[in-house]
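Number of protein chains: 2
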Amino acid sequence: MLLGNPYEDIEENEGDTHAKVAKRVTSITYIVIILLLVLNVCTIWIFKQKRIRYIHETGLSLLYGVVAGLIIKLVGVSISEVRSPRIGTCDKVTYNFSEETLPYYITTEFTNGSSKLKRLYAYSDTLMNNETALVVINKLSEALQFDPEIFFYILLPPIIFFAGYDLKKKHFFRNIGSILMFAFVGTTISAFAVAAIMWLYCQTGMEAGLKEEFIFFECLLFGALISATDPVTVLALFSELNVDVDLYALIFGESVMNDAVAIVLFESVLSYAPYRNASFSAVGFLSCVGQFCLTFFGSFFIGTVVGLITAMITKLTRLCDFPVLETSLFTLMSYSSFLLSEAAGFTGIVGILFCAITQAHYTSRNLSVESKQRVFELFETLNFLAENFVFSYIGLFLFTYDGHEWRPGFIVCSFLAIAVARLVNVFPLSGLLNLNLRQKIPCKFQLMMWWAGLRGAIAFALAAEYSEGVPRRIILTTTLVIVLATVLINGSTTTTVLELLRIRVGIVEDAETDHIINQLAQKQIGDEDLHRLQEQSGLGEMGWRFLKTDYSYLVPLFTIEGSTAEDAFPWCGPVARWLTSERRADRQESLGDDDVSILEEYIPVEDTEAIISHRRSKSEIPSSSKQHVTNNTRDQHVTNSIQNTVPNSYQNEELNME
Amino acid sequence: MLLGNPYEDIEENEGDTHAKVAKRVTSITYIVIILLLVLNVCTIWIFKQKRIRYIHETGLSLLYGVVAGLIIKLVGVSISEVRSPRIGTCDKVTYNFSEETLPYYITTEFTNGSSKLKRLYAYSDTLMNNETALVVINKLSEALQFDPEIFFYILLPPIIFFAGYDLKKKHFFRNIGSILMFAFVGTTISAFAVAAIMWLYCQTGMEAGLKEEFIFFECLLFGALISATDPVTVLALFSELNVDVDLYALIFGESVMNDAVAIVLFESVLSYAPYRNASFSAVGFLSCVGQFCLTFFGSFFIGTVVGLITAMITKLTRLCDFPVLETSLFTLMSYSSFLLSEAAGFTGIVGILFCAITQAHYTSRNLSVESKQRVFELFETLNFLAENFVFSYIGLFLFTYDGHEWRPGFIVCSFLAIAVARLVNVFPLSGLLNLNLRQKIPCKFQLMMWWAGLRGAIAFALAAEYSEGVPRRIILTTTLVIVLATVLINGSTTTTVLELLRIRVGIVEDAETDHIINQLAQKQIGDEDLHRLQEQSGLGEMGWRFLKTDYSYLVPLFTIEGSTAEDAFPWCGPVARWLTSERRADRQESLGDDDVSILEEYIPVEDTEAIISHRRSKSEIPSSSKQHVTNNTRDQHVTNSIQNTVPNSYQNEELNME
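Protein sequences appear in the order of chains A and B. Using the numbering used here, read the first sequence as starting at 373 and increasing by one per residue. Using the numbering used here, read the second sequence as starting at 373 and increasing by one per residue.
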């Protein structure tokens, strides 16, 4: 019995089993990844227990992914060389139902030129061979191929959100000037440097076809995506080793911000596409720059606004009584910042990054203690799972992807290019920054920053999302190799390089800037002290102004901490009264003073004596805050509450005030 | 310029913008649902604060979904009546690129018979109209249609897992006989009763076409899926009102287990498909029964084994030192039980349910205090989000689905059928059970059980997954109406019905069975007492044996509590020694005795005096446990640790021992 269109008959008679087979195959696909992750969790435990630092968990995920991909590939090939006809090399396929093989299998005849090949195929979404193993594996290597939607919509957002939420605000803002410089200027330099080197290489014509395929536009795309450095691997080590906090803040801040910049840069370059074939178009270039500014600030705006709305909702309602509701709202709003940015045509990843920073700075102050912990733990777990998933996925990709385009010369040259590009990014910019900074960036830090330029998920995701055509596939393969090599080699050697460069580890942060910021928050600093303190803090004029505005107006407006909205905006009358949360009253009762919670954030725990004396002295100074409590019991209460909320890392800190 | 295949050109030249438009549309789709959820969270908060119980959160989600669906439908229609050509009514579509509209738009000509219609369409995955609003909305009502993969792979697993994990084990196991009776026998009775009534109705020929379309097979499918009762709504209320615990356990246990039974029953009935056109096939019927047993026990086996493996891993490693790793492992393994059951051709939902019960009973004992909390909070949040997502989705479905088949008579009759089916299920079975039970199921409980038979996510999911052909679409529409009506009507009237039936609320559980189980766990009960105690407990012979085996062998084998593996399996030598966790030693030191943690679970907090005296008397009785501590300091320690770990609900409990 020969049928023209087998599916027609299948769907009517066997739709039920058909759906069942499809469900089964999907399940097996995910089991492979989940088992990889379980294996990964167990190995990480062993490594942590035995204090092995040669390889980091992301490196492990990558390796496991590569091995699993290889196995899937080999097993798949060893059973049969015939792939699904969709991919296939055959020019005619005939389906044939035979009665003994119904309902699951159909005989299939591939006609390719004069040769014929018969195979018994089980049907699912695609037609597959009858041996269960092959059914699974053929489908598997197909299903395990990159799905940009899963990557961008499910895996990346929690990683980026957690990076922003877990940001050590203090150090980030202290080094904000340098970080922005490296992120904006550095990434652009790096992108153009890589592009120039790769273009020159392609022009030499050493590998066939590259000269025609790689116009400068494609090189610049490659330069932009490969300039996104990955924060995960190196920083996990830094964090364990207690590396100098400023180096940490520099590398962390740079890699987080530079992901954002690289993504926007990449998309801006893409918008140059209509002009790509001309030699140089000023209009195109300007529209590119415009696109960059629009996308970046658009995403920034949406992320920040969503964060502030969440802060407002949590401030003005008593959602804090129901931690599940509060946590859910927080999660939903954070994710919606990603979606809103995407929907508005901006960049979701950048939106969610700034949303995370806003949530950490404002909303988290309004959350109940339980929700604060829940939110952190929830995103910590999601981040861990997503991160390992992503790197396993990248590892799997090496062998399960069918479209690789290997160009050995191009790959070797690209390693040279990224090394040089990071060189002309880190060193000149550091030199420039050192002219103005009180705290110079020492040469060994610069070397470490150069070495710590790993490439990871973002670079891969950008390359894989736009992988149509041969040049893009060359870029994809090259990026994959760079990610594998840098995560495994640079990641593993971080400890060694730290030792070689004699960078201090196991040190604790200093409390100097904290103290200054704190004094500022307490409004105890007159204009006469400003200049001296500003110099001491290492903050620029801008950062300083931002801090002042933030603590005088934004914190009172969006949180239940700091001074009240009524005090901060006396000219707003009833609006300000409405904006003053009723929860403030509760907290006041239990803590004695509004400003205490700001103190909690900035003063190390050994400093409690200082707080108490500070608070006493403060009650003698006339100030705008409402009620001052000076008796000992209340102070004791405050001290306790501080000791409970200050994170462990501060516990061994030495007091170091000028 | 007219092109044959517009996509060919698009993909090469404008692939980048194409991908961008698609991403944008996907984002907007999800924003609708996320905003619905945010609205939902805020409304729930208001309702909770004002103690409004007329409508439950699932009802709210449903309503919001319905309203949003209506708006999307109306706005979509008001801009243009032309739908995407895929769905369309046209018989020929011509695409036309005009230069001024490139690169985003193409002119499209629909030819339908003699009438022609021109439209400018933007392209994305499907072709869409040029007005942005319509682009979004047309795509939206398409995108918002039911996607069984998301439902089954992402939304249902956390809901079912949490139901199993949060199960009040004690009451569940005390009523296990009744629960299994209602689940297995009751669901089967209900399915056949519904099927019979619907079949009779269809045979009357009152609505055209039903007589031919609804053979008994289709009616039985409907009966099976509509017999899955939903635990969410009623139980949330029960829990708030502190309804009689046995009623709670009965309804909760029944609805959880009966979901499992209904799903398996549904799939077994599907396996009868090849014989459906014959009058009755004994072979088909037997294979159906075989299929039922295989699927149920297969899923049960996989779920339980995965749970036990997790217990073993957490017992034998020190993953507890790293809560993130432990939580991740727990989550991954739990989800893999779902996938493994699906991959093996069984039922994932049933697998993950039993995995959850196993995890709660064994694995959770091995987790560190922090992980225990993390796991619970993680799944609580996921459950909350998934549940509201699911009900919003169901609400949206009412207006966004294009394939509804309304048969008013069928719908009315189906309400009658489910009412009668639940009647012939609850009352006769209760009567039968009352013959044997010490604690009878009172008539008012039976009435409450009858009224509490809401239909929810599972019924809808089963109906929506298999919705090919007119009869299945009639079933889908009818199920949707039943879900909406029961959740909104029965859900809202629960409080009223409780009052009408004069069922006690605000009561606390009794400690009688706890005490007995506890004595059992302590191995203090000789065979002579067995019969009397067993009668008192209300446990059957089977349940009793299970408890004995569990506490004598399984708890020591799989957890770090109870007696050691060495004590429990003295004949296993080195294997038993290897199976004895090193963590036991730590816990022993800090608590003084292994058995304490079992006590913690079963003895109410006011009972601490009893524990102390009990423990004293125990030290005089020779037993197999190793070390007994009788001094006061240690007892005090134990008392404290118990007071810290016993949940709040026990705090006001009265001691009631016979």
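Cβ coordinates follow ideal geometry from the N, Cα and C atoms, glycine included.
With fewer than three CB-CB distances shorter than 8 Å, the stretch 723-738 of chain A does not count as touching the stretch 401-418 of chain B. Listed along the chain, the chain A residues whose CB falls inside 7 Å of the CB of S700 (chain B) are V413, T753, F756, L757. Approximately 5 Å separates the beta-carbon atoms of E579 (chain B) and R779 (chain B); this is inside 8 Å, confirming the contact. Look at R874 (chain B) here: in three-state DSSP terms it is coil, with no helix or strand label. Annotated three-state conformation of T699 (chain A) is helix, per DSSP. Judged by beta-carbon spacing, Y707 (chain A) lies within the 9 Å limit of I406 (chain B), meaning their Cβ atoms are closer than that value.
By the C-beta density criterion, P946 (chain A) is exposed, having fewer than 16 other C-beta atoms within 10 angstroms. Looking from the CA of T719 (chain A), the closest CA among A:I813, A:W950, A:L593, A:C665 belongs to A:C665.
CA-CA distance, T601 (chain B) to E742 (chain B), rounds to 34 Å. Listed in chain order, the positions of the stretch 677-696 of chain A with a beta carbon within less than 9 Å of a beta carbon of chain B are I685, T689, R690, L691, D693, F694, P695, V696. The beta-carbon of K420 (chain A) is placed less than 9 Å from the nearest beta-carbon of chain B. Straight across, the Cα-Cα distance linking I674 (chain A) with G723 (chain A) is about 6 Å.
C-alpha of V566 (chain A) to C-alpha of N760 (chain B): approximately 48 Å in a straight line.
Per the Cβ contact rule, the stretch 596-613 of chain B is not in contact with the stretch 804-813 of chain B (fewer than 3 Cβ pairs under 8 Å).
At a cut-off of 9 Å between beta-carbon atoms, N760 (chain A) makes contact with chain B. The CB of Y402 (chain B) comes closer than 7 Å to the CB of L711 in chain A, given here in chain order. Distances from the CA of L642 (chain A) to each of A:S627, A:D631, A:S659, A:A654 were compared; the closest alpha carbon is that of A:S659.
Going by C-alpha positions, A829 (chain A) is about 27 Å away from P800 (chain A).
Annotation: the continuous alpha helix (DSSP H) that includes G720 (chain A) extends over 720-730.
At a cut-off of 9 Å between beta carbons, G720 (chain B) contacts chain A. Contact between A836 (chain B) and I569 (chain B) fails: their C-beta atoms lie close to 23 Å from each other, not under 8 Å.
Using a C-beta cut-off of 8 Å, the stretch 625-642 of chain A makes no contact with the stretch 861-875 of chain A, since fewer than three inter-stretch Cβ pairs fall below that distance. Counting C-beta atoms within 10 angstroms of its own C-beta, C574 (chain A) has 16 or more neighbours from the protein chains shown and is therefore classed as buried.
With 16 or more other Cβ atoms inside 10 Å of its own Cβ, V762 (chain B) counts as buried. For the stretch 627-653 of chain A, the set of residues with a beta-carbon nearer than 7 Å to any beta-carbon of chain B comprises L642, A645, in chain order.
A distance below 8 Å between beta-carbons, with the five flanking residues on each side excluded, links L701 (chain B) to the following residues of its chain, in chain order: T682, I685, T686, L691.
The C-alpha of F769 (chain B) lies about 48 Å from the C-alpha of T921 (chain B). Judged by pairs of C-beta atoms under 8 Å, the stretch 523-532 of chain B touches the stretch 747-759 of chain B, as three or more such pairs exist. Taking a Cβ-Cβ threshold of 7 Å, the residues of chain A close to A715 (chain B) are R396, S399, I400, I403, in chain order. A direct Cα-Cα distance of roughly 11 Å separates G662 (chain A) from F669 (chain A). The C-beta of K812 (chain A) has fewer than 16 other C-beta atoms within 10 Å across all chains shown, which makes the residue exposed. Note that the C-beta distance between L711 (chain B) and Y436 (chain A) is not below 9 Å. Judged by DSSP in its simplified three-state form, R779 (chain A) adopts coil rather than helix or strand. In this structure, DSSP gives T415 (chain B) a helical state, which the three-state scheme calls helix. Comparing alpha-carbon positions, the option among A:F726, A:S671, A:F589, A:S713 lying closest to G679 (chain A) turns out to be A:F726. The Cβ of Y525 (chain A) sits closer than 9 Å to at least one Cβ of chain B.
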